[in-house]
Amino acid sequence: MEFDYSPLWISLKTVLTATCITFFLGIFIAWRMSNYKGKLKGILDVIFTLPMVLPPTVVGFFLLLILGKNGMFGMLFKYFNTNIIFSWYATVISAVIVSFPLMYKTTRGSFEQIDINILNAARTLGVPELRIFWKITVPISFPGIAAGTVLSFARALGEFGATLMIAGNIPGKTQTIPLAIFFAAEGGNMNRAFIWVCIILIISLIVMTLTNYWTQNHKRFKLYKF
Amino acid sequence: MNILVDIEKQFEEFYMKMKFNVDGKNIGLLGASGSGKSMTLKLIAGLEKPDRGIIKIGNKTLFDSDKLINISVKDRKVGFLFQNYALFPNMTIRENIGFALNSIEKNKRNKIIKDKTNQVKLNGMENRLPIELSGGQQQRVALARALAVNPEILMFDEPFSALDENLRSYMVKEIKEVLNDFKGTSILVSHNIDEIYRLSDKIIVIDSGKVEAVDDKNDLFLNPPNIITAKLTGCKNIIKVNQISENEVMICEWGIKLKVNNKFNKKITSIGIRANHIKCGELLKESKNIIKCEIAYINESPFKLTVYLIAVQNSLNKEKYNIQLEVSKDMWNEIKNKNKFIDIYLDPEKIMLF
Numbered sequence: 004m005e006f007d008y009s010p011l012w013i014s015l016k017t018v019l020t021a022t023c024i025t026f027f028l029g030i031f032i033a034w035r036m037s038n039y040k041g042k043l044k045g046i047l048d049v050i051f052t053l054p055m056v057l058p059p060t061v062v063g064f065f066l067l068l069i070l071g072k073n074g075m076f077g078m079l080f081k082y083f084n085t086n087i088i089f090s091w092y093a094t095v096i097s098a099v100i101v102s103f104p105l106m107y108k109t110t111r112g113s114f115e116q117i118d119i120n121i122l123n124a125a126r127t128l129g130v131p132e133l134r135i136f137w138k139i140t141v142p143i144s145f146p147g148i149a150a151g152t153v154l155s156f157a158r159a160l161g162e163f164g165a166t167l168m169i170a171g172n173i174p175g176k177t178q179t180i181p182l183a184i185f186f187a188a189e190g191g192n193m194n195r196a197f198i199w200v201c202i203i204l205i206i207s208l209i210v211m212t213l214t215n216y217w218t219q220n221h222k223r224f225k226l227y228k229f
Numbered sequence: 145m146n147i148l149v150d151i152e153k154q155f156e157e158f159y160m161k162m163k164f165n166v167d168g169k170n171i172g173l174l175g176a177s178g179s180g181k182s183m184t185l186k187l188i189a190g191l192e193k194p195d196r197g198i199i200k201i202g203n204k205t206l207f208d209s210d211k212l213i214n215i216s217v218k219d220r221k222v223g224f225l226f227q228n229y230a231l232f233p234n235m236t237i238r239e240n241i242g243f244a245l246n247s248i249e250k251n252k253r254n255k256i257i258k259d260k261t262n263q264v265k266l267n268g269m270e271n272r273l274p275i276e277l278s279g280g281q282q283q284r285v286a287l288a289r290a291l292a293v294n295p296e297i298l299m300f301d302e303p304f305s306a307l308d309e310n311l312r313s314y315m316v317k318e319i320k321e322v323l324n325d326f327k328g329t330s331i332l333v334s335h336n337i338d339e340i341y342r343l344s345d346k347i348i349v350i351d352s353g354k355v356e357a358v359d360d361k362n363d364l365f366l367n368p369p370n371i372i373t374a375k376l377t378g379c380k381n382i383i384k385v386n387q388i389s390e391n392e393v394m395i396c397e398w399g400i401k402l403k404v405n406n407k408f409n410k411k412i413t414s415i416g417i418r419a420n421h422i423k424c425g426e427l428l429k430e431s432k433n434i435i436k437c438e439i440a441y442i443n444e445s446p447f448k449l450t451v452y453l454i455a456v457q458n459s460l461n462k463e464k465y466n467i468q469l470e471v472s473k474d475m476w477n478e479i480k481n482k483n484k485f486i487d488i489y490l491d492p493e494k495i496m497l498f
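Those protein sequence lines, which keep their order, are chains B and G. Position one of the first sequence corresponds to residue 4 (this note's numbering), numbered consecutively onward. Position one of the second sequence corresponds to residue 145 (this note's numbering), numbered consecutively onward.
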């Protein structure tokens, strides 16, 4: 029997798309949250972190409620004659939702570690906030941002529960590697499951090695402590 | 330039009600840590916002809660020097100095960077990172960076506290030179009276979020208007007294009468005398204002001594020293007949009255 590689391509496509979205979304939300001083800060933080603490099936259940036929967005999609549930987009959405808290938490942590005087110095020099963000905040927080990206990538790659709930297990369409492993093992096809396990291992190792190499070379400057 | 500050701000620990109106080239804010002096600087710079009030510099209103004016930090044209220099760690010295000049045409920008680098004597270091510089050099980069954007005011927040003793007096000298060339106003925040004295001409004394005194530096050090100012300007001896006549006071606890010079007919409740104004040793010439003291302990520095004394008549409380006296080592060695007891002389001209 021909070995079906489609879960690999689906997984890679999903994970890369999801990591890209999480990367920018996570940095943006982390930036806004670290500057935000309003009353809702605590509640917002809980909401942004929740997908990390909840079991993935619960996240999937909520997504099903929101995106499903009778949900808020489900109605909208129906109006445009599309459907998100059980499509490839659903795998991306669930991967983004579960990996977002890791990116957000790690990045926000490193943003908030920056000496406020450094940012204030730039402000007194008349530098606009956006330039401060791209030229100072992001480069100084680079190690944190890189760590957050790797964690998000790993989490997105391993995503199972929420994906199963809202994207299902449609071979060639929504079946990612973790799903393929589960259904292969469940169907007694241990060899097939083992191949997928090896592939996941290889992907993880490559990504970890690349990022380690990347962050070490990028660390031209050390943050001086005061 | 004239600086008007009249603001209020609530903090968890204290209520800040800062009000002063000074006209000077180099202004010093003197206060103990936690007195609100750094906060005052941040409020003027726009890094913090007062609850209400007015901040005006020259004719420009920076903040007015009634008229809803609050000019943003980046438009206030202040150069702010932080205690830890706050250089951008990911940029070279050249990039640090030129960071805010990105809208200026390249040749002009390079000229400004070169000028400022020369002014703070950092030529040849342009391509280094902040981490590769010493504390004094980092401070000069911060100074060059602030000067590069042509600020109207230069603000220094405890600029020398992270430097060692030698470097500190050297940097004070360097900054004094920069301030001499600087056309605008400078405000220096410090708890160190030496730094404040050397770098400012007008001094504002701050304690627990309130202004205690505003004066020319020499007047302030000669005639501090109140006890807090006297203490903050380095007066170590403040003693409670009862006034007997216009020019005579009594230290009740010790039963000692002292002559004072009450030029302004003040009502006196306390007197103060600086530790280095007290004379000791051969005092045969003097007949009044001599106090017999017991030496409690002596603190020895390389070139001077701080002697802690207990007035002999004050036999009730021997736990705490009453008077602190400072004398150079040479002078101390000239005093003959040193034993446990010593006579000191309080010059009426040097006694401050409160």
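Note that beta-carbon positions come from the ideal geometry of N, C-alpha and C, so glycine has one too.
CB of residue 360(G) within 8 angstroms of CB of residue 338(G), strictly: Here residue 360(G) corresponds to residue number 216 of the second sequence, with the count starting at 1. Here residue 338(G) corresponds to residue number 194 of the second sequence, with the count starting at 1. No, the Cβ-Cβ distance between residue 360(G) and residue 338(G) is not below 8 angstroms.
Can you pull the chain G residues whose beta carbon is under 8 angstroms from the beta carbon of residue 118(B), in chain order? By 1-based counting over the first sequence, the position of residue 118(B) is 115. Within chain G, the residues near residue 118(B) are 228 and 230.
For a contact meaning CB atoms closer than 8 angstroms, what does residue 133(B) contact in chain G? Counting from one through the first sequence, the residue named residue 133(B) turns up at place 130. In chain order: nothing, as chain G lies at least about 12 angstroms away.
Rounded separation between residue 196(B) and residue 135(B) - CA only: Within the first sequence, residue 196(B) is the residue found at index 193, counting from 1. Within the first sequence, residue 135(B) is the residue found at index 132, counting from 1. Each residue's Cα considered, the two are about 49 angstroms apart.
C-beta atoms of residue 176(G) and residue 227(G) nearer than 8 angstroms: Mapped onto the second sequence, residue 176(G) falls at position 32. Mapped onto the second sequence, residue 227(G) falls at position 83. Not a contact, by the Cβ cut-off of 8 angstroms.
Since residue 186(G) contacts residue 192(G) with CB under 8 angstroms, what's their CB separation in whole angstroms? On the second sequence, position 42 is the one that residue 186(G) refers to. On the second sequence, position 48 is the one that residue 192(G) refers to. Residue 186(G) to residue 192(G), Cβ: 4 angstroms. Contact.
Answer yes or no: does any C-beta atom of chain G fall closer than 8 angstroms to that of residue 124(B)? Reading the first sequence from its first residue, position 121 is the one you call residue 124(B). Chain G contact via Cβ: present.
For residue 191(B), the three-state DSSP class (helix, strand or coil): For the purposes of this step, residue 191(B) is taken as residue 188 along the first sequence, with counting starting at 1. It is coil, neither helix nor strand.
At what residues does the beta strand (DSSP E) containing residue 448(G) begin and finish? For the purposes of this step, residue 448(G) is taken as residue 304 along the second sequence, with counting starting at 1. First-last of the beta strand (DSSP E) with residue 448(G): 448-455.
Tell me whether the beta-carbon of residue 329(G) lies closer than 8 angstroms to the beta-carbon of residue 147(G). As a working note, residue 329(G) is residue 185 in the second sequence. As a working note, residue 147(G) is residue 3 in the second sequence. Closer than 8 angstroms, so yes.
C-beta contact flag for residue 130(B) and residue 244(G) at 8 angstroms: Locating residue 130(B) in the first sequence gives position 127, counting from the first residue. Locating residue 244(G) in the second sequence gives position 100, counting from the first residue. Cβ distance < 8 angstroms, so residue 130(B) and residue 244(G) count as in contact.
Considering only the alpha carbon of each residue, which of 142(B), 171(B), 30(B) and 54(B) lies closest to residue 92(B)? Position 89 of the first sequence holds residue 92(B). For residue 92(B), the nearest C-alpha among the options comes from 171(B).
Which ranges does the alpha helix (DSSP H) cover as unbroken runs of at least 4 residues, wholly within the stretch 25-79 of chain B, from first to last along the chain? 44-56 and 59-70
Where does residue 485(G) sit, in a helix, a strand or coil, going by DSSP? Counting from 1 along the second sequence, the entry for residue 485(G) is found at position 341. Strand.
Please confirm whether residue 289(G) has its beta-carbon closer than 8 angstroms to some beta-carbon of chain B. Position 145 of the second sequence, counting from 1, holds the residue named residue 289(G). By this cut-off, residue 289(G) is an interface position.
Quick check: what's the CA-CA separation for residue 169(G) versus residue 323(G)? Here residue 169(G) refers to the residue found at position 25 when the second sequence is read from its first residue. Here residue 323(G) refers to the residue found at position 179 when the second sequence is read from its first residue. Taking the straight line from one Cα to the other gives about 9 angstroms.
Check the Cβ of residue 121(B) against every Cβ in chain G and list those closer than 8 angstroms, keeping chain order. As a working mapping, residue 121(B) is identified with position 118 in the first sequence. Within 8 angstroms Cβ-Cβ: 230, 231, 232 and 233.
8 angstroms CB neighbourhood of residue 184(B) in its chain, flanking five on each side removed: Residue 184(B) sits at position 181 when you count from the first residue of the first sequence. The residues are 196, 199, 200 and 203.
DSSP-derived helix/strand/coil call for residue 279(G): Your numbering for residue 279(G) matches position 135 in the second sequence. If DSSP states are grouped into helix, strand and coil, residue 279(G) belongs with the helices.
Taking the alpha-carbon of residue 440(G) as reference, which of 203(G), 464(G), 159(G) and 358(G) has the nearest alpha-carbon? Translated into positions along the second sequence, residue 440(G) becomes position 296. With distances taken between Cα atoms, residue 440(G) lies closest to 464(G).
Cα-Cα, which of 493(G), 154(G), 289(G) and 268(G) is closest to residue 403(G)? Position 259 of the second sequence holds residue 403(G). Taking only the C-alpha atoms, the option nearest residue 403(G) is 493(G).
Spatially closest choice to residue 406(G) from 387(G), 422(G) and 446(G), by CA coordinates: Along the second sequence, read from residue 1 onward, the residue named residue 406(G) stands at position 262. Of the listed residues, the one whose Cα sits closest to residue 406(G) is 387(G).
Between the alpha carbons of residue 140(B) and residue 468(G), how many angstroms are there, rounded? The residue labelled residue 140(B) in the question sits at position 137 within the first sequence. The residue labelled residue 468(G) in the question sits at position 324 within the second sequence. Straight-line Cα distance between these residues: approximately 51 angstroms.
If the criterion is Cβ atoms closer than 8 angstroms, does the pair residue 316(G) and residue 291(G) meet it? The residue labelled residue 316(G) in the question sits at position 172 within the second sequence. The residue labelled residue 291(G) in the question sits at position 147 within the second sequence. It is not a contact, given that the beta carbons lie outside the stated cut-off.
On the CB-based measure, 16 or more other CB atoms within 10 Å of its CB, does residue 54(B) come out buried or exposed? Locating residue 54(B) in the first sequence gives position 51, counting from the first residue. Per the 10 Å Cβ criterion, buried.
Hey, quick one: how far does the beta strand (DSSP E) through residue 561(G) stretch, first residue to last? Residue numbering for chain G in the displayed model covers 145 to 498; residue 561(G) lies beyond these limits and cannot be assessed.
Could you give the DSSP three-state label for residue 316(G): helix, strand or coil? For the purposes of this step, residue 316(G) is identified with residue 172 of the second sequence, where counting begins at 1. It is helical.
Check whether the Cβ of residue 127(B) lies closer than 8 angstroms to any Cβ atom in chain A. Absent from the structure is chain A; the protein chains it does hold are B and G.
Can you pull out the residues from the stretch 141-162 of chain B whose beta carbon lies closer than 9 angstroms to at least one beta carbon of chain G? 142, 143 and 145
Let's test the definition: count the other Cβ atoms within 10 Å of the Cβ of residue 363(G) and tell me whether it reaches 16, buried, or not, exposed. Counting from one through the second sequence, the residue named residue 363(G) turns up at place 219. Its Cβ having fewer than 16 others within 10 Å, residue 363(G) is exposed.
Range covered by the beta strand (DSSP E) that runs through residue 386(G): Numbered from 1 along the second sequence, position 242 holds the residue referred to as residue 386(G). Unbroken beta strand (DSSP E) run through residue 386(G): 386-389.
Any C-beta of chain B under 8 angstroms from that of residue 304(G): On the second sequence, residue 304(G) is found 160 positions in, with the first residue counted as 1. Answer no: the Cβ-Cβ gap between residue 304(G) and chain B never drops below 8 angstroms.
Secondary structure of residue 165(G), DSSP reduced to three states: Within the second sequence, numbered from 1, the residue matching residue 165(G) stands at position 21. DSSP places residue 165(G) in strand when its eight states are reduced to three.
Give the DSSP-derived three-state secondary structure of residue 357(G) in the structure shown. Numbered from 1 along the second sequence, position 213 holds the residue referred to as residue 357(G). Residue 357(G) falls in the strand class under three-state DSSP.
Counting only beta-carbon separations shorter than 8 angstroms, does residue 492(G) have a partner in chain B? What you label residue 492(G) is simply residue 348 of the second sequence in a count that begins at 1. No, because no Cβ of chain B sits closer than 8 angstroms to the Cβ of residue 492(G).
Would you call residue 443(G) buried or exposed, if buried means 16 or more other Cβ atoms sit within 10 Å of its Cβ? On the second sequence, residue 443(G) is found 299 positions in, with the first residue counted as 1. So residue 443(G) counts as exposed.
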